[in-house]
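One structure is given below, encoded as structure tokens.
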Amino acid sequence: DSDQEINANMVFMAQIEKVLADSEASSSSADEKISELKELIEKNNDLLAQMKLLKE
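Each number in our numbering comes from the position in the sequence shown (counting from 1) with 10 added on.
Take a look at the structure:
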């Protein structure tokens, strides 16, 4: 179970790093990047909540 959580967090961090790296290479606005990051955080929170339910 903890391995799944670690893997999920690693994927989440990789996605955040990709968004930030892409922002350095593009002319997208900061607002667009913030929206992308908020979406990733929401998805991660949903995934963690689902994993918690499965543990119960």
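Glycine included, each C-beta is placed from N, C-alpha and C at the ideal position. If you're wondering where the values come from, they're calculated on a predicted model, not measured in any experiment.
DSSP, read as helix, strand or coil, puts S12 in helix. A check of alpha carbon separations from E52 across L30, N17, I26, D13 identifies I26 as the nearest. Measuring C-alpha to C-alpha distances from L47 to each of A59, A24, K62 identifies A24 as the nearest.
Contact annotation: V29 and L58 have beta-carbon atoms that are not nearer than 8 angstroms.
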